[in-house]
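What follows is one structure encoded as structure tokens, with my remarks underneath.
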Amino acid sequence: MIFDYETIRLIWWALLGALLIGFAITGGFDLGVAILLPFLGKNDIERRVIINSVGATWEGNQVWFVTAGGALFAAFPMAYSVAFSGFYFALLLTLFALFLRPIGFDYRSKLPSQKWRSNWDIALFVGGFIPALIFGVAFGNLLKGVPFYFDNDMRIFYTGSFWALLNPFALTAGLLSLSMIIMHGAVFLQLKTVGAINQRCKKTVAIFASITLVIFALAGIWVANTDGYHISSSILHNAPSNPLVKTVDKGTGLWLANYANCPMLWAIPGLAFITGLITLLLSKFERPGWAYISSALTLAAVILTAGVSMFPFLIPSSSAMNNSLTIWDASSSLSTLSIMFWVTLIFLPLVITYTSWVFQILRGKITQEHIRLNDHSAY
Amino acid sequence: MITENVVDLSRWQFAATSLYHFLFVPLTLGLSFLLAIMESTYVMTGKEIYKDMTQFWGKLFGINFALGVTTGLTMEFEFGMNWSYFSHYVGDVFGAPLAIEGLMAFFLESTFVGLFFFGWDKLGKGQHLLITWLVALGSNLSALWILVANGWMQNPVGADFNYETMRMELTSFGELLFNPGAQVKFVHTVAAGYTTASAFVLGISAYYMLKGRDAAFAQRSYTIAAGFGLAAILSVMVLGDESGFTDGEIQKTKLAAIEAEWHTEPAPAAFTVVGFPDQDAMVTHHALEVPWLLGLIGTRSNDTPIMGLSEILEKNRLRVKNGIKAYAALHELRNGNKNDKTIAEFNSYKQDLGYGLLLKRYTDKVVDATAEQIEMAAKYSLPRVAPLFWTFRIMVVCGIIMLGIFVFAVIASSIRKCRQNWLLRASLYMMPLPWIACEMGWFVAEFGRQPWTIAEILPTFLSASSLTELDLYLSLSGYIGLYTVFLVIEMFLMLKFIKLGPSSLHKGRYHFEIASGEAL
Chain A
67 MIFDYETIRL IWWALLGALL IGFAITGGFD LGVAILLPFL GKNDIERRVI INSVGATWEG
127 NQVWFVTAGG ALFAAFPMAY SVAFSGFYFA LLLTLFALFL RPIGFDYRSK LPSQKWRSNW
187 DIALFVGGFI PALIFGVAFG NLLKGVPFYF DNDMRIFYTG SFWALLNPFA LTAGLLSLSM
247 IIMHGAVFLQ LKTVGAINQR CKKTVAIFAS ITLVIFALAG IWVANTDGYH ISSSILHNAP
307 SNPLVKTVDK GTGLWLANYA NCPMLWAIPG LAFITGLITL LLSKFERPGW AYISSALTLA
367 AVILTAGVSM FPFLIPSSSA MNNSLTIWDA SSSLSTLSIM FWVTLIFLPL VITYTSWVFQ
427 ILRGKITQEH IRLNDHSAY
Chain B
11 MITENVVDLS RWQFAATSLY HFLFVPLTLG LSFLLAIMES TYVMTGKEIY KDMTQFWGKL
71 FGINFALGVT TGLTMEFEFG MNWSYFSHYV GDVFGAPLAI EGLMAFFLES TFVGLFFFGW
131 DKLGKGQHLL ITWLVALGSN LSALWILVAN GWMQNPVGAD FNYETMRMEL TSFGELLFNP
191 GAQVKFVHTV AAGYTTASAF VLGISAYYML KGRDAAFAQR SYTIAAGFGL AAILSVMVLG
251 DESGFTDGEI QKTKLAAIEA EWHTEPAPAA FTVVGFPDQD AMVTHHALEV PWLLGLIGTR
311 SNDTPIMGLS EILEKNRLRV KNGIKAYAAL HELRNGNKND KTIAEFNSYK QDLGYGLLLK
371 RYTDKVVDAT AEQIEMAAKY SLPRVAPLFW TFRIMVVCGI IMLGIFVFAV IASSIRKCRQ
431 NWLLRASLYM MPLPWIACEM GWFVAEFGRQ PWTIAEILPT FLSASSLTEL DLYLSLSGYI
491 GLYTVFLVIE MFLMLKFIKL GPSSLHKGRY HFEIASGEAL
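One line per chain: the protein sequences are A and B, in this order. For the first sequence, our numbering begins at 67 and goes up steadily by one. For the second sequence, our numbering begins at 11 and goes up steadily by one.
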């Protein structure tokens, strides 16, 4: 089967979304667990229970993020170039925070010193908190538009500053991603623990599920009353990628245009609200397994809501609107997209299969007893 | 326009972060296979000591692996953050192997590494062994795709420039994958990793033997490392020689620079063992030469000449001039004059477009470049010889010393005389050599490609992001600061567990547990 350029671009937009959602629902819970570590673990053994609930799987989960980055590079190289060089310090901060995770997990319990361990606990917290916040801030800024332009050689010039990224709307989006990742982490931890930690998780889920829904509603109202972008000229969906040959307008509420054109899409934000509530209830009535699935759906729906409202934009330019990047004019060539599609079609199901098998092997609760028995090999 | 300083700082940052990353990579590549070999022996013989070996060397593997993962993430971010024009210009080709690396290799390695550490009680013997092999396979496949990407930077095949999108686009995935430069480099690089891990296990085992503790454990480890190491170092050398041969075919400039071959000699060319290269005068002072050797390595024949730098310079002068024509036609096309004549003109010169871009270093108006500027650009198209000449020789000397020690180590372990103290000391003190050789090797590969990021297509100074000097000073100092702290912590933990030895497993049968009479 050979796809035309338009179809394959659409598929890659969807695949990119799938990889991001894959990261949110797997990597998301271990970021959340790391954030909760200093608060839900009251002593060393409780903290080790929390760390070991994700210890054996977090590494694989983070690869969703790495692969999403690689896929963005391969499928939409211009978007990768603009986002990574434009958000230079935001990404540097994320990167420095993510540094703390592999060594935090692996080194923390290698020495008995309490000072050593509590320092690593702080490091793990930072390694969870900063990326969870900044991913949302980045999304918020994409919705607002990013100040950049291209010259005729397609050299990228970013004209904003790091501090401009921390605007009220983007920070709200940051809090949204932070709270939903904490909710997701707490649900997962409820699933993996017993006793006191388990009970603390229930409270945490209730609080952060509520916060998530409130901020999501608030952000929705904000988006309806703020500027969105749309392509006002014609754009060829199968032309070579050149982001300099279209015109783009902005106007209040335009980010809801896709929903207005296709009302069925309202089901996506609707799903976020419903599953968010269900997560809260399932957690309260001690069904953490189902709550985990429901929470994963909530995350997926929130991310999709943002993606659909921006479609077909990847990165709108706020300063040179016509240079905005869309899936139609910032993608790789037809042959690269096609080859990468087939590679993904083979390997992504394989990855999902063996990841599920690994989770299956490692299922079950992590108890204090388990940590005591494996004092020298557990994290 | 981005300043020269921004480019230099971006290069320093990339060099520092990638060389630092490669302190951890070779050990992961090789140790994962050594663990798989040890565990296979455990499963086949049922002897617990091999399980202990897998777990103890696995502990050290874990300490190293954590920093490998930490610093590898930097690499993926850095292309976009610091080399955004590069990422735009070649992302269509270069991004694909990176994405495939994630999907095919990094997922495999990272998903199963958790089970390697925590699956001992949850899996059957055979299942766990399979996991260990999959971790080794994953880490080595990861290296394959990274070297496919890097091989393409050295020898950009299977791609073509598209003026509509202003970038290189993939024309043949097969050529990208089976790029001869990439294949040879892949085997050379992973074999260097196996050598590194073998030297690591060999040196630490020798240390235990010198201290006279955990003899059975140390001797078995020593034997496995010696055998694997000898096979590995031989592969490194054969493939290194093969690299020299493919360089002779596809990277003539790099080969000539490594060998300080200033002028084309009558075939077969002599190999300069040592000497002092002088770039301005284009001579090597006090050169000690072996007749014929270079010609044989570079061409596998005794009658094909190897092109010298002065002749390459001559050719490049012409390519710069053709590059101007390509650049002029490209601008016509970009401005919308897409008539057949311009397209034909562009197509006939576009293989030299990169040389035209070199002029951007000297003038914004490439089309009006003066003869003097063309001369400067042509000179600039050659890498600096002396650093390449010396780093290459350091790498080779490290390799030869290691080969000697591995040969003796294999002989000593096969006739059960590991306890030769001089050999054990040599094994211990050899430990830094593979790391030095690996770093030198990467320096030769990357510095030897200068002034290009993509050989003969995209100059390095154009590849960088439009950042400010302040941005770079801040990020570079952040990296240096954090990486230094991480290295101190890692070395501290590594040394602590090396000193503890297998006693750190708390199995109750090793030196410190028996000596002190209680578990530590």
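Even glycine gets a Cβ: it sits at the ideal position worked out from N, Cα and C.
Between residue i and the rest of its own chain, which residues show a CB-CB distance below 7 Å, the 5 nearest in sequence each way excluded?
i                      : result
residue 441 of chain B : 209, 210 and 213
residue 401 of chain B : 450, 453 and 454
residue 30 of chain B  : 81 and 493
residue 236 of chain A : 203, 206, 207 and 210
residue 448 of chain B : 32, 36, 202 and 206
residue 293 of chain B : 272
residue 376 of chain B : 334, 337, 366, 369 and 370
For residue i, would you say it is in contact with chain A, using Cβ-to-Cβ distances shorter than 8 Å as the test?
i                      : result
residue 132 of chain B : yes
residue 477 of chain B : yes
residue 382 of chain B : no
residue 106 of chain B : yes
residue 446 of chain B : no
residue 148 of chain B : no
residue 455 of chain B : no
residue 102 of chain B : yes
residue 210 of chain B : no
residue 344 of chain B : yes
residue 176 of chain B : yes
residue 16 of chain B  : no
residue 109 of chain B : yes
residue 129 of chain B : yes
Within a Cβ cutoff of 8 Å, which residues of the same chain sit near residue i, ignoring the five residues on either side of it in sequence?
i                      : result
residue 175 of chain A : 114, 117, 183, 444 and 445
residue 142 of chain A : 78, 82, 380, 391, 393, 396, 397 and 398
Could you give the first and the last residue of the continuous beta strand (DSSP E) run that contains residue i?
i                      : result
residue 224 of chain A : 222-224
residue 300 of chain B : 293-300
residue 178 of chain B : 177-180
residue 143 of chain B : Per DSSP, residue 143 of chain B belongs to no beta strand (DSSP E); it is in the alpha helix (DSSP H), 135-164.
residue 377 of chain B : Looking at the DSSP string, residue 377 of chain B is not in any beta strand (DSSP E), and its letter there is neither H nor E.
Apart from the five residues just before and just after residue i, which ones in its own chain have a Cβ nearer than 6 Å to its Cβ?
i                      : result
residue 289 of chain A : 321
residue 303 of chain B : 281
residue 406 of chain A : 140
residue 335 of chain B : 359
residue 330 of chain B : 365, 384, 387 and 388
Taking buried to mean at least 16 other C-beta atoms within 10 Å of its own C-beta, is residue i buried or exposed?
i                      : result
residue 483 of chain B : exposed
residue 439 of chain B : exposed
residue 13 of chain B  : exposed
residue 408 of chain B : buried
residue 530 of chain B : No answer about residue 530 of chain B holds up, because its pLDDT of 40 lies below 50 and its placement is not dependable.
residue 326 of chain B : buried
residue 227 of chain A : exposed
residue 243 of chain B : buried
Checking contacts by CB at 8 Å: is residue i closer than that to chain B?
i                      : result
residue 221 of chain A : yes
residue 169 of chain A : yes
residue 424 of chain A : yes
residue 218 of chain A : yes
residue 74 of chain A  : no
residue 176 of chain A : yes
At what residues does the alpha helix (DSSP H) containing residue i begin and finish?
i                      : result
residue 380 of chain A : It is not in any alpha helix (DSSP H) - residue 380 of chain A instead sits in the beta strand (DSSP E) that spans 379-381.
residue 72 of chain A  : 71-106
residue 450 of chain B : 442-457
residue 114 of chain A : 110-121
residue 124 of chain A : 124-141
residue 185 of chain A : 180-210
Exercise. What residues in the segment 36-50 of chain B have a beta carbon less than 9 Å from any beta carbon of chain A?
Worked result: none
Problem set entry | Contact list for the segment 64-90 of chain B against chain A, Cβ threshold 9 Å | 65, 69, 72, 73, 75, 76, 77, 78, 79, 80, 81, 82, 83, 84, 86, 87, 88, 89 and 90
Exercise. For the segment 402-414 of chain A, which residues have a CB atom closer than 7 Å to at least one CB atom of chain B, in sequence order?
Worked result: 402, 405, 406, 409, 410, 413 and 414
Problem set entry | the segment 479-494 of chain B: positions lying closer than 7 Å to chain A by Cβ | 481, 485, 488 and 492
Problem set entry | Chain-ordered residues of the segment 126-137 of chain A with a beta carbon less than 8 Å from chain B | 126, 128, 129, 132, 133, 135, 136 and 137
Exercise. Relative to chain A, which residues along the segment 503-515 of chain B have a C-beta separation below 9 Å, given in chain order?
Worked result: 503, 506, 507, 514 and 515
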